[in-house]
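Numbering (the UniProt record's numbering), first residue to last: 1 to 493.
Ideal placement from N, C-alpha and C gives every residue a C-beta, glycine not left out.
Inspection log for the structure reproduced underneath, given as structure tokens.
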Amino acid sequence: MPKPLTSLIAAIGAFVLPITCQDTCPEQAATVSALHVCTIHRQSKISSVADHKIGQYGLPLLSFEKLFKNQAVPANQMLTITALSDPSSTAVVRPNVDTLYSSVSYDVGASNLELKVPEIEPDKYWSAAFYTAYGDNYLNLGALETSAAGKYLLTLGDSASADGSIALDTSNSGYIGRIITPHPIGVLLIRTVLKSGEDMTAASATQESFTAMTVSRSHPLTGPALDATLFITASNTETEKVLTITARFTNTTFGTASLYATLALAGLSNGVYQKPECVNLAEAASIANQTVAAWPTLNSSTIALSSNWTMIDPSSIGVYGDDYVARAYIGSHAYLALVVEESIYPEQPMSFTLAADEAYLVQFAEKPPLENLGFWSLTMYNEEGYLVENTIDRYVLGDRSNLTYPGGNLVYGSDSDEPFEILVQAREPPAIWTSNWLPSPVDQAAFDMLLRFYAPAQALQEGTYEYPLITKIPAITNGSTVPETVTRFARHF
Numbered sequence: 001m002p003k004p005l006t007s008l009i010a011a012i013g014a015f016v017l018p019i020t021c022q023d024t025c026p027e028q029a030a031t032v033s034a035l036h037v038c039t040i041h042r043q044s045k046i047s048s049v050a051d052h053k054i055g056q057y058g059l060p061l062l063s064f065e066k067l068f069k070n071q072a073v074p075a076n077q078m079l080t081i082t083a084l085s086d087p088s089s090t091a092v093v094r095p096n097v098d099t100l101y102s103s104v105s106y107d108v109g110a111s112n113l114e115l116k117v118p119e120i121e122p123d124k125y126w127s128a129a130f131y132t133a134y135g136d137n138y139l140n141l142g143a144l145e146t147s148a149a150g151k152y153l154l155t156l157g158d159s160a161s162a163d164g165s166i167a168l169d170t171s172n173s174g175y176i177g178r179i180i181t182p183h184p185i186g187v188l189l190i191r192t193v194l195k196s197g198e199d200m201t202a203a204s205a206t207q208e209s210f211t212a213m214t215v216s217r218s219h220p221l222t223g224p225a226l227d228a229t230l231f232i233t234a235s236n237t238e239t240e241k242v243l244t245i246t247a248r249f250t251n252t253t254f255g256t257a258s259l260y261a262t263l264a265l266a267g268l269s270n271g272v273y274q275k276p277e278c279v280n281l282a283e284a285a286s287i288a289n290q291t292v293a294a295w296p297t298l299n300s301s302t303i304a305l306s307s308n309w310t311m312i313d314p315s316s317i318g319v320y321g322d323d324y325v326a327r328a329y330i331g332s333h334a335y336l337a338l339v340v341e342e343s344i345y346p347e348q349p350m351s352f353t354l355a356a357d358e359a360y361l362v363q364f365a366e367k368p369p370l371e372n373l374g375f376w377s378l379t380m381y382n383e384e385g386y387l388v389e390n391t392i393d394r395y396v397l398g399d400r401s402n403l404t405y406p407g408g409n410l411v412y413g414s415d416s417d418e419p420f421e422i423l424v425q426a427r428e429p430p431a432i433w434t435s436n437w438l439p440s441p442v443d444q445a446a447f448d449m450l451l452r453f454y455a456p457a458q459a460l461q462e463g464t465y466e467y468p469l470i471t472k473i474p475a476i477t478n479g480s481t482v483p484e485t486v487t488r489f490a491r492h493f
């Protein structure tokens, strides 16, 4: 579930355009009239907000900065994690428990990047997702795309029309294809999923077989290099810090003339941010905060699903174009989210809390429909987005778990498709429930349950699937009163 926007989200509010200290917009603003440029009062008061798309333009760079610093490796070097996440894992918020990761914060401003993809079993899900630093998932290699093993070259294109594309390489260079990035700086994130019963040693060996290395080219691009100094500022406020970093990234952006003109009006040009004297940054930040927070409720951005589930319109996630408000919201809540063909993330608007004698029953009417190689999971997190410690070291349940039907048969052991349940509570349940038990915090703290679907079928994407019903019930223990809705108890006790 989305968390409240932090002060960092408000920081980007300064990007609300400080056009002029006059009472009317200047003539140069007319050249970007499609951006709905606002008027700034002489008394440094903002009378209206500039186009929301521009207002939150640089916000995702805060998430990129955090990712780059947490990786603690230089640009263009691959960081591979060969252990599954547990409650001690705090480098990533809301990690996938059943997934191994490799990542590269890349900078192809001065050299190309070569990615080598190993041979992978055809029945194993994997993806190599390419993102701009702003979070646009502009291209994916992987099992769903039936991408071939071999070498790929990440490079800059000769024109904007080729951005975000892959072209087969016929030059006998040894590369399967050339991937054209829309921006010199970005992220490559490689995910491989642990199959049911797969040996961790073998899974780790597969993950480590992905490699990345720089390849020189004859015409390097001038611009700031990706290193720690790119994020060092002398700004007095987070607002100015965001704008300063955005200005530096803008110096390497292949943008349109109208975008450059608009950014210049906001005080960003030639890699430097200069605050116009008439701008009230605090007020601008407040307006931007409200704009971003309200985005899911605007323009049909949220889809209502069954059983009180909701979902951000999948078409709004992954590739954003010039919808900078959507990009800002997703970048703050789910940075590096994949496009809908790869995954969807339905949510519950409720806040999950349980007393010691309470439980949630998550009732599935049928198995979630998935495409070939697809998988799903329900993961338990604390309020901070980290895994919840428990006595059985279980943090997730899904299609690769030993879930059982009320009769005791495995849900994923046959072609049967019947209702099944997941029990969420802190107290240990009777043995008949153990395989379907997802432990909640023992300290009765609030928590979050994240439902993920990878390679979702159309019924999941379109909302025609009957999503699981979540009901609060008394905790189920030996000798406890049995709710009539609990089929497992009704049949076995």
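Note down the Cα distance separating residue i from residue j, rounded to an integer number of angstroms.
i, j, result
"V104", "P220", "20 Å"
"K116", "D443", "46 Å"
"residue 547", "T155", "There is no way to answer for residue 547, as the model of the chain reaches only from 1 to 493."
"W295", "T404", "40 Å"
"F352", "Q207", "35 Å"
"F447", "S235", "35 Å"
"S63", "M311", "22 Å"
"T229", "L268", "18 Å"
"A264", "A83", "46 Å"
"A445", "Q425", "12 Å"
"L438", "Y412", "17 Å"
"R327", "L61", "11 Å"
"L35", "R452", "Low confidence applies to L35: its pLDDT is 27, below 50, so where it sits in the model is not reliable enough to give any reading."
"A133", "A261", "21 Å"
"D227", "G150", "29 Å"
"D107", "F68", "12 Å"
"L5", "T239", "Its pLDDT being 29, under 50, L5 is placed unreliably by the model, and nothing is read from it."
"D169", "E114", "13 Å"
"W309", "L354", "19 Å"
"I120", "A266", "48 Å"
"G479", "Q461", "41 Å"
"E342", "A205", "24 Å"
Could you spell out the range, first to last residue, of the beta strand (DSSP E) harbouring residue i?
i, result
"S377", "L370 to N382"
"V472", "It is worth fixing the name first, because residue 472 is Lys in this sequence and not Val. Element bounds for K472: L469 to P474."
"E358", "E358 to F364"
"E421", "F420 to Q425"
"R217", "Looking at the DSSP string, R217 is not in any beta strand (DSSP E), and its letter there is neither H nor E."
"S103", "T99 to D107"
"K151", "G150 to L156"
"S111", "S111 to V117"
"N140", "N137 to G142"
"V292", "From DSSP, V292 is part of no beta strand (DSSP E) but of the alpha helix (DSSP H) over L281 to A294."
"L387", "Per DSSP, L387 belongs to no beta strand (DSSP E) and is neither H nor E."
"A459", "Where A459 is concerned, there is no enclosing beta strand (DSSP E), although the alpha helix (DSSP H) it sits in stretches over Q458 to E462."
"L189", "I185 to V193"
If contacts are defined as beta-carbon pairs under 8 Å, then residue i and residue j qualify, I think. What distance do you get, rounded to the angstrom?
i, j, result
"P87", "Y386", "6 Å"
"V215", "S111", "6 Å"
"L59", "S332", "6 Å"
"F210", "P118", "6 Å"
"F231", "E65", "5 Å"
"G186", "Y131", "5 Å"
"A457", "E371", "6 Å"
Going by beta-carbon coordinates alone, are residue i and residue j separated by less than 8 Å?
i, j, result
"L189", "G164", "no"
"L329", "V388", "The residue you asked about is not Leu; residue 329 is Tyr in the sequence shown. For Y329 and V388, no; Cβs fall outside 8 Å."
"T233", "K241", "yes"
"K124", "A143", "yes"
"Y57", "T192", "no"
"E384", "P419", "no"
"D136", "V272", "no"
"Y375", "Y465", "Sequence check: residue 375 is Phe here, not Tyr. No, they are not a contact pair."
"I476", "P441", "no"
"G109", "G197", "no"
"N436", "L423", "yes"
Over what stretch of residues does the alpha helix (DSSP H) that includes residue i continue unbroken?
i, result
"L62", "P60 to Q71"
"Y324", "Y324 to H333"
"Y260", "A257 to L265"
"K124", "No alpha helix (DSSP H) contains K124, which DSSP labels as neither H nor E."
"R248", "E238 to T250"
"M200", "M200 to E208"
"A446", "Careful: A446 lies outside any alpha helix (DSSP H) and carries neither H nor E."
Got a sec: is the Cβ-Cβ distance from residue i to anything in chain D below 8 Å?
i, result
"F352", "The question asks about chain D, but that chain is absent: this structure has only one protein chain."
(request) Count the C-beta pairs between the stretch 271-290 and the stretch 301-319 that are closer than 8 Å, then say yes if the count reaches three, no if not. (result) no
(message) Within 8 Å, do at least three Cβ pairs link the stretch 362-379 to the stretch 465-474?
(response) yes
(message) Three Cβ pairs or more, each shorter than 8 Å: is that satisfied between the stretch 169-184 and the stretch 197-213?
(response) no
(request) Would you check if there are 3 or more beta carbon pairs closer than 8 Å linking the stretch 334-351 to the stretch 395-404? (result) no
(request) Report yes or no: do three or more beta-carbon pairs, one from the stretch 386-400 and one from the stretch 95-112, lie closer than 8 Å? (result) yes
(request) Could you say if the stretch 342-351 and the stretch 63-83 meet the contact criterion of at least three C-beta pairs nearer than 8 Å? (result) no
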